[in-house]
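So the structure is just underneath, and the comments pick up after that.
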């Protein structure tokens, strides 16, 4: 029978989010019911609230989550109740042109649950990124559940569901950073700091963190940046990066902001035939006007990183294992643990740059 639980809902564009009673159906064929234990507060949730993704309100927010499988529907053979999982928004189909070419990380036909979750009055909810995990229970496609080692705390494991995976993957998968490379990361919030961690894990010998916020540069140093550049004012970011790389520019520059100014800085701050990776998500109105000759004369590669070009079934268990071995400091991304009623204020703290990640804890006592 359907389950009535509490979830964080955005009812209209720009309106403060609030906790509402929602109805979650039992899983149908190919679906899984997951009891959410922890879910990170991501910029993407704020974009949904503000109408920056689409206007399919009301939204059930939350997508960067880990929890335990409660029940599975017919035909699900690779999950069982009690499995500890990280939720993902790339449930690959296995049959589209990308999957058939051996590139499932670019799957063009990913799966979501077929049945809608609803408000108590019957209005269907649009789950953020097909997940909707600011809720005590959520209904997803079984392919959106990736089993990982349950020794990892849920507030740590869930970070792989979006932002941290995006940054790690931008460095490890999209670029990819090689041993001895020089790397610059522009924008050192959660995604950018994760890119710093990924560059360090890949063996970069010089990692330059760039941000307008000195506090974020300290975070980046803590995660392994070897040099920092405080942007803003009269600072010439391109010149600073070139000065730190022998005058040549970095082998890889990762733009974790996603605005024309930072992308152009990334473009010009790389070495000849270097790589630019855009992982910050632009808004639809942003444009770039540059001479086409610049693209030809600089050579190299200009890449966009979708979800860190990750394959959840491959990457999530591996990264959790690295965390459990003490080689990947995922726990240091958790700035605070909060409750469902605290999400709106968490958005404000995120906007002020006070946190890397606020994590909503569900069904557990929040540590002081």
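Numbering (our numbering), first residue to last: 1 to 368. Think of the CB as a built atom: it goes at the ideal place given N, C-alpha and C, for glycine as much as any other residue. Computed from a prediction, not measured in an experiment: that's the story for all the values here.
- In this structure, the alpha-carbon of residue 6 lies about 10 Å from that of residue 362.
- Assigned with DSSP and collapsed to three states, residue 61 falls in coil, not helix or strand.
- By the criterion of a C-beta distance shorter than 7 Å, residue 64 is surrounded in its chain by 39, 40, 42, 158, 159, 161, 162, 163, once the five residues flanking it on both sides are discounted.
- Beta-bridge annotation (DSSP): residue 137 is paired with 35.
- Across the set 69, 95, 183, the C-alpha of 69 shows the shortest separation from the C-alpha of residue 139.
- Excluding the 5 residues flanking it on each side, residue 111 has same chain C-beta neighbours closer than 6 Å at 91, 141, 143, in chain order.
- Counting along the chain, residue 313 sits inside the alpha helix (DSSP H) bounded by residues 312-324.
- Cα atoms of residue 206 and residue 174: separation of roughly 18 Å, rounded to the nearest angstrom.
- If you look at residue 18, you'll find it in the beta strand (DSSP E) that goes 18-24.
- When DSSP assignments are scanned along the region 116-173, the uninterrupted stretches of beta strand (DSSP E) that are 3 or more residues long and fall wholly within it turn out to be 137-141, 145-147.
- Scanning the region 225-297 from its first residue to its last, the whole beta strand (DSSP E) runs of 3-plus residues come out as 227-230, 250-255, 270-278.
- The closest CA to that of residue 56, considering only 181, 79, 127, 93, is found on 127.
- Per the coordinates, the alpha-carbon of residue 180 lies some 17 Å from the alpha-carbon of residue 242.
- Under the three-pair Cβ rule at 8 Å, the region 143-154 does not count as touching the region 341-348.
- Annotation for residue 116: 124, 125 place their beta carbon closer than 7 Å to its own, counting only its chain and skipping 5 residues before and after.
- Per DSSP, residue 103 lies in no alpha helix (DSSP H) segment and is marked neither H nor E.
- With respect to the C-alpha of residue 286, the residue from 257, 9, 26, 183 having the closest C-alpha is 257.
- One Cα belongs to residue 337, the other to residue 358, and the distance between them is close to 6 Å.
- Excluding residues up to 5 positions away in sequence, 175, 252, 300, 301 lie with their Cβ nearer than 6 Å to the Cβ of residue 275 in the same chain.
- Going by DSSP, residue 221 is part of the alpha helix (DSSP H) stretching over 214-223.
- DSSP places residue 201 in the uninterrupted alpha helix (DSSP H) bounded by 190-202.
- Residue 84: not part of any alpha helix (DSSP H); member of the beta strand (DSSP E) spanning 84-87, first to last residue.
- If you draw a 10 Å sphere on the C-beta of residue 84, you find 16 or more other C-beta atoms in it, and that means buried.
- A distance of 8 Å or more separates the beta carbons of residue 82 and residue 35.
- Around the beta carbon of residue 273, a 10 Å sphere encloses fewer than 16 other beta carbons of the protein chains shown; the residue is thus reported as exposed.
- Residue 334 has no beta-bridge partner at all, per DSSP.
- In this structure, residue 177 sits away from residue 194, with a CB-CB distance that is not shorter than 8 Å.
- With contacts defined by Cβ atoms closer than 8 Å, residue 98 and residue 107 form a contacting pair.
- In the structure shown, residue 91 falls within a coil segment according to DSSP collapsed to helix, strand and coil.
- Cβ-Cβ separation between residue 130 and residue 307: approximately 12 Å, too far for a contact (criterion under 8 Å).
- Going by DSSP, residue 301 is part of the beta strand (DSSP E) stretching over 301-304.
- By the neighbour-count criterion, in which 16 or more other beta carbons inside 10 Å mark a residue as buried, residue 105 falls on the buried side.
- Taking 8 Å as the cut-off, the Cβ atoms of residue 328 and residue 197 count as close.
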